[in-house]
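Asks: Just so you know, the sequences run in chain order A and B. Sequential numbering of the first sequence, starting at 1, is according to my numbering. Sequential numbering of the second sequence, starting at 348, is according to my numbering. Cβ coordinates follow ideal geometry from the N, Cα and C atoms, glycine included. Just so we're clear, the structure is a prediction, and the values are computed from it rather than from any experiment.
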Amino acid sequence: MISYISTQSLSSAMRQSILQMQSQLASAENELSTGNYADIGQTLGAQAGENISLQNQISYLQTLTNTNNIVSTRLSTTQNALASLQANAQSLLNSLIENNGVTSNANAIQATGVSDLQNLISTLNTSVNGDYIFGGTNTGQQPITDYYGTPAPNKSAVDNAFLAAFGMTQTSAGVSTISGASMQSFLDNQFAPLFQGTNWMADWSSASNQTLTNQISETETVSTSVSANNAAFQNLAQAYTMLADLGTQNLSSSAYQAVSSTAQGLLTSAISSLTNLQTNVGVVQSSISSATNQMSLQMNVLSTQVNNLESVNPYEVSTQISDLQTQIEISYSLTAQLQQLSLVKYL
Amino acid sequence: MSLSSAALIAQSGLNTITAQTSVLSRNITGANDSSIYSLKTANVISTPYGSQVASITRATNQAVFASLLSATSANATQTALSSGLETLNQTIGNISSSSSSASGSNSTSPATLLSNFTNALQSYEASPSNASLASAAVSAASTLAQGLNTAASTINQVREQADAGIATSVQSINSLLAQFQSVNTQIIQGTASGADVTDAQDTRDNILTQLAQQIGITTVTNANGGMSIYTDSGVTLFQGGLPRTVTFTPTSTYTASVTGNAVYIDGVPIIGPSATMPISSGTLAGLASLRDNISVTYEAQLDGMAGGLISAFAESPQSGSGPNLPGLFTTSGATSLPGSVTGLASQIIVNASVDPSHGGNPLLLRDGGISGNSSYVYNTAGDASYQGRLSQLIANLSMPQTFSSSGEIGTNMTLGGYASASVSWLEAQRSNASSQSTYQSTLVSTATTALSNATGVNLDNQMSQMLDLENSYSATAKLISTIDSMFNTLLTDFQSMPL
């Protein structure tokens, strides 16, 4: 029990409490206007790192979402390219089946072969933002050499093989003398290897076998491109080239029959490979979109957590402010009254 | 009993009342003294020959005063720590999430800068052929390196300021001890001769509170009125009327490898790593803890991060054999990986051969060979979208690393985890110092109030005493005038008497 109080502590008590309340008022006003603690780091203390980690995770997920958008563009371009290649191959296959090795339509088929080959090459050389999407990791270089360009090592290789096998060029009128059996043997033994292995890499493609991989969520990494070295494209190139550039207009019926049936086989297998590729790309596309959705949900949850850490309860703060205001007003009037309360006034 | 002795007694009464009034007016003047003024009381004794003021005493309360001293010291420690930690907090900045976008933080902490850099690297890995993303990743890397540099220099600044603060504190301790000596001598002499030493005692108490600001002390009062002072760790500061010399050699420039000097009292180190009797409170203790513990630990954490970055980005030979060489992150002029992490935070830079602002090629981030040695090139095929190295770097960043235990926040964790643990550590220190500081300042104000109530002046009380004195004075004056008139009567009667 205090029975004696010094004049100084009587007045300084009020002074100190007013100072304290004013600084509390200032920080409460700040909190009410920003909705966050006035000094988040100090309030959170050891939890501050958690707050930073959560924010970092949100921005990481945002980065992955952004890169997923870029990857999606590449994949949908790839998907379109594959679909158009498949459609072309299918329509050529249909014509071949309809004509069933009859030489009368050989000119039309040859022309289609040329345009399909050109289309294949330009499609495989598609670029998105300057990146050749079928180039594997070597996206800086056109993956497929133009068959009709100069120089065209792929065309020279075909020409040389033909010359070596039959002793004449494809345009020579003598091609009509080639028998079905020797044409079949040429197609199987000399022509086919030009589209495989090291010959393919040397004459046709500068693409890398290594496809691009991307991290699409915190845990998933998927392959997100198709290389021009895929067997489907090699088969297509082989089928188109044999129809376009083996002098099919002038071949004997049996030799033409050999070319047509070999091309049909290659196209069938290429179409089924293309379907597989399209399915694979589609699977990746759907996992990207579900990963992106998942991450957006995750970001919402994380933002809520960050909010929980940083935010003040506005009701609590505004109550605090009005309490403080009342208290400060009382202190002011008390100070004024205490000033009157002195014996000196009555002497 | 004669009339003249009655006059003498009345006279002594007047003297006593005047003396009491003089004490009273001293009290009234001191009522609102912000330094220590204790209530003085005139002790009046009555004798057969009148009354007199035998002595003047002051109100004291040793226990409350001792608790004020210790609260003052503890508060000074926390204030010093708190203000240093505020400066260190600049390395972290505002950790609130930015209101403008849903992601990312405004903070300048290494943790946030590291996360920004990781994200830039991740974006670049998704499109390795994109040179502008490469530049963005490198520029995020140099922001991170500069962030570490700035943080390290802030730490050194805090240590330099603490060191300068210690020097100032030592100076003021020495000057306070000199003042104390003269006042103490005055009190001993005054006590021996019976003079009024109460004002000198107030002055001595004031000096003690100022001393307690600087260094935690305990005091012992001797029989002769003199006082001895010891530090809270038991080292003698003042004894036998003689102050001990406090010495300190300041260090003007701090780097991670510099250790601050100790403060010595008579050759006994009381702060610093070598202290045998370390003091636990006062500004001196707070500054020492800031300079020798907190800053050093925080610096060790930043050095650990810098070392972790350099090793995560180190390049290994892709053909032939050789040592790993520094890659994206290095120190100026380094030709090999650093052996120790000490001081790396202040030295870490982005390798000039990658940094476009120094004429470097940011694409080396994808290709490797940053050290300039062609057998360290990873992208030997020169593929524009070569991802192998970037994926490896991202994997390295998320791999747990080993950190020195002097960082005090764990030794085996990922770089990102370590960086946020460091933020937690610093904010926890700051939060703790701030709540301690609030608590201690409440204690100081409680102790001040208690002391003021125990020994201070109440004006109303003094005023009512003044009324009493006024009444006594007029009564005594009346007495004297009565005695005077009695003398007059006596003398007049004698004159009129026929001889």
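1. Taking buried to mean at least 16 other C-beta atoms within 10 Å of its own C-beta, is A:M214 buried or exposed?
2. Could you check which residue in B:L816, B:T568, B:D552 and B:S752 has the C-alpha nearest to that of B:L798?
3. For B:G360, does the three-state DSSP call read helix, strand or coil?
4. Please name the residue or residues paired with B:I618 in a DSSP beta bridge.
5. What's the C-alpha gap between B:Y601 and B:G541?
6. Using a beta-carbon distance below 9 Å, is A:G11 in contact with chain B?
7. What did DSSP end up calling B:A449 once you bin it into helix, strand or coil?
8. Look up A:S12 in the DSSP assignment and say whether it is helix, strand or coil.
9. If we ignore side chains and look at the alpha-carbon of each, how far apart do B:S334 and B:S621 end up?
10. By DSSP, does B:M844 sit in helix, in strand, or in coil?
11. Hey, quick one: how far does the alpha helix (DSSP H) through B:T596 stretch, first residue to last?
12. For A:Q359, collect the residues of the same chain with a Cβ closer than 7 Å to its Cβ; drop the 5 residues on either side in sequence, then sort them by chain order.
13. Whose CA, out of A:Q16, A:A263 and A:S115, lies closest to the CA of A:N99?
14. Just how far apart, CA to CA, sit A:E218 and B:L461?
15. Pull up the distance between the alpha-carbon of B:S549 and that of A:N308, whole angstroms please.
16. Can you tell me whether A:A48 is helix, strand or coil according to DSSP?
17. Residues of chain A with CB closer than 9 Å to the CB of B:N374, please, in chain order.
18. State the Cα-Cα distance for the pair B:N708 and B:Q739, rounded to the nearest angstrom.
19. Do A:S289 and A:S72 come within 9 Å of each other at the CB atom, strictly closer than that value?
20. Would B:K387 be called buried (16 or more neighbouring beta carbons within 10 Å of its own) or exposed?
21. Closer than 9 Å between beta carbons: that is the criterion. Which residues of the region 45-65 of chain A meet it against chain B?
22. Given that B:T459 touches chain A, what residues does it touch there, using C-beta distances under 8 Å?
23. May I ask you to list, following chain order, the residues of the region 9-36 of chain A that have a beta carbon less than 7 Å from some beta carbon of chain B?
24. What does B:D807 reach in chain A if we use C-beta pairs closer than 7 Å?
25. Which residues mark the beginning and the end of the alpha helix (DSSP H) in which A:M242 is found?
26. Over what stretch of residues does the beta strand (DSSP E) that includes A:Q215 continue unbroken?
27. Find out if the Cβ-Cβ distance for the pair B:L691, B:I741 is shorter than 9 Å.
28. Keeping to the same chain, check which residues put their C-beta closer than 8 Å to that of A:V222; ignore five residues upstream and five downstream.
29. 9 Å is my cut-off, CB to CB: does A:N229 come that close to chain B?
30. Tell me the residue span of the alpha helix (DSSP H) that contains B:A389.
31. What do you get for A:Q86, buried or exposed, if any count of 16 or more other CB atoms within 10 angstroms of its CB means buried?
32. Of all Cβ atoms in chain B, is any one closer than 9 Å to the Cβ of A:S115?
33. Threshold first: 3 residues or longer. Then list the beta strand (DSSP E) segments lying entirely within the region 693-732 of chain B, N to C.
34. Going by alpha carbons, who is nearest to B:S564 out of B:S489, B:R638, B:T796 and B:S414?
35. Can you name the residues of chain A whose CB is closer than 7 Å to the CB of B:M810?
36. Do the CB positions of B:I562 and B:A632 come within less than 9 Å of each other?
Replies: For this structure:
1. Residue numbering aside, residue 214 of chain A sits at position 214 when the first sequence is read from its first letter. Sequence inspection shows Asn at residue 214 of chain A; the Met mentioned does not correspond to that position. By the 10 Å Cβ count, A:N214 comes out buried.
2. Here the question's residue 798 of chain B lines up with position 451 in the second sequence. Closest by alpha carbon: B:D552.
3. Sequence index remark: in the second sequence, residue 360 of chain B carries index 13 (1-based). It is helical.
4. Here residue 618 of chain B is taken as the residue at index 271 of the second sequence, counted from 1. BP columns for B:I618 point to B:V610.
5. Numbered from 1 along the second sequence, position 254 holds the residue referred to as residue 601 of chain B. Numbered from 1 along the second sequence, position 194 holds the residue referred to as residue 541 of chain B. Looking at the two C-alpha atoms, the distance is approximately 55 Å.
6. As a first step, residue 11 of chain A is located in the first sequence; it is residue number 11 there, counting from the start. What sits at residue 11 of chain A in the sequence shown is Ser, not Gly. Yes, because at least one Cβ of chain B sits closer than 9 Å to the Cβ of A:S11.
7. Here the question's residue 449 of chain B lines up with position 102 in the second sequence. Confidence at B:A449 is low in this model, with a pLDDT of 42, below 50, so the placement of that residue is unreliable and no value is reported for it.
8. The count along the first sequence starts at 1 and reaches residue 12 of chain A at position 12. Helix.
9. A query on residue 334 of chain B cannot be resolved here, the shown segment of chain B reaching from 348 to 846 and no further.
10. Here residue 844 of chain B corresponds to residue number 497 of the second sequence, with the count starting at 1. Coil, per DSSP.
11. Start at 1 with the first residue of the second sequence, and residue 596 of chain B comes out as number 249. Where B:T596 is concerned, there is no enclosing alpha helix (DSSP H), given that its DSSP letter is neither H nor E.
12. Outside the shown range of chain A, which is 1 to 347, sits residue 359 of chain A, and nothing can be said about it.
13. Taking the first sequence and counting its residues from 1, one reaches residue 99 of chain A at position 99. Considering only alpha carbons, the answer is A:A263.
14. Walking along the first sequence from the start, residue 218 of chain A turns up at place 218. Walking along the second sequence from the start, residue 461 of chain B turns up at place 114. For A:E218 and B:L461, the distance between alpha carbons rounds to 17 Å.
15. The residue labelled residue 549 of chain B in the question sits at position 202 within the second sequence. The residue labelled residue 308 of chain A in the question sits at position 308 within the first sequence. Per the sequence shown, the amino acid found at residue 549 of chain B is Asp instead of Ser. Distance between the alpha carbons of B:D549 and A:N308: 54 Å.
16. Within the first sequence, numbered from 1, the residue matching residue 48 of chain A stands at position 48. Here A:A48 sits in helix by DSSP.
17. Sequence index remark: in the second sequence, residue 374 of chain B carries index 27 (1-based). What B:N374 touches in chain A, judged by beta-carbon distance under 9 Å, is nothing: the nearest beta carbon there is about 10 Å away.
18. Along the second sequence, read from residue 1 onward, the residue named residue 708 of chain B stands at position 361. Along the second sequence, read from residue 1 onward, the residue named residue 739 of chain B stands at position 392. The alpha-carbon atoms of B:N708 and B:Q739 are separated by roughly 20 Å.
19. Sequence index remark: in the first sequence, residue 72 of chain A carries index 72 (1-based). Sequence index remark: in the first sequence, residue 289 of chain A carries index 289 (1-based). For A:S72 and A:S289, yes; Cβs fall inside 9 Å.
20. Locating residue 387 of chain B in the second sequence gives position 40, counting from the first residue. So B:K387 counts as buried.
21. Near chain B, meaning a CB-to-CB distance below 9 Å, the residues of the region 45-65 of chain A are G45, A46, Q47, A48, G49, E50, N51, I52, S53, L54, Q55, N56, Q57, I58, S59, Y60, L61, Q62, T63 and L64.
22. Within the second sequence, numbered from 1, the residue matching residue 459 of chain B stands at position 112. Chain A residues near B:T459: I52, Q55 and N56.
23. S9, A13, Q16 and N36
24. Numbered from its first residue, the second sequence carries residue 807 of chain B at position 460. Correct list: S342 and L343.
25. Start at 1 with the first residue of the first sequence, and residue 242 of chain A comes out as number 242. Looking at the DSSP string, the run of the alpha helix (DSSP H) that includes A:M242 is A231 to D245.
26. Sequence index remark: in the first sequence, residue 215 of chain A carries index 215 (1-based). Looking at the DSSP string, the run of the beta strand (DSSP E) that includes A:Q215 is T213 to Q215.
27. The count along the second sequence starts at 1 and reaches residue 691 of chain B at position 344. The count along the second sequence starts at 1 and reaches residue 741 of chain B at position 394. Not a contact, by the Cβ cut-off of 9 Å.
28. Reading the first sequence from its first residue, position 222 is the one you call residue 222 of chain A. Same-chain partners within the cutoff: T213, N214, I216, V284, S287 and I288.
29. Residue numbering aside, residue 229 of chain A sits at position 229 when the first sequence is read from its first letter. Chain B contact via Cβ: absent.
30. For this step, residue 389 of chain B is matched to residue 42 along the second sequence. Counting along the chain, B:A389 falls outside any alpha helix (DSSP H), though it belongs to the beta strand (DSSP E) covering K387 to T394.
31. Against the first sequence, residue 86 of chain A aligns to sequence position 86. A:Q86 comes out buried.
32. Along the first sequence, one-based indexing puts residue 115 of chain A at 115. No, its Cβ sits nowhere closer than 9 Å to a Cβ of chain B.
33. 695-697
34. Walking along the second sequence from the start, residue 564 of chain B turns up at place 217. Looking at the sequence shown, residue 564 of chain B is not Ser but Ile. For the residues B:S489, B:R638, B:T796 and B:S414, the minimum Cα distance to B:I564 belongs to B:S414.
35. Start at 1 with the first residue of the second sequence, and residue 810 of chain B comes out as number 463. Per Cβ cutoff of 7 Å: L343, V344 and L347.
36. The residue labelled residue 562 of chain B in the question sits at position 215 within the second sequence. The residue labelled residue 632 of chain B in the question sits at position 285 within the second sequence. For B:I562 and B:A632, yes; Cβs fall inside 9 Å.
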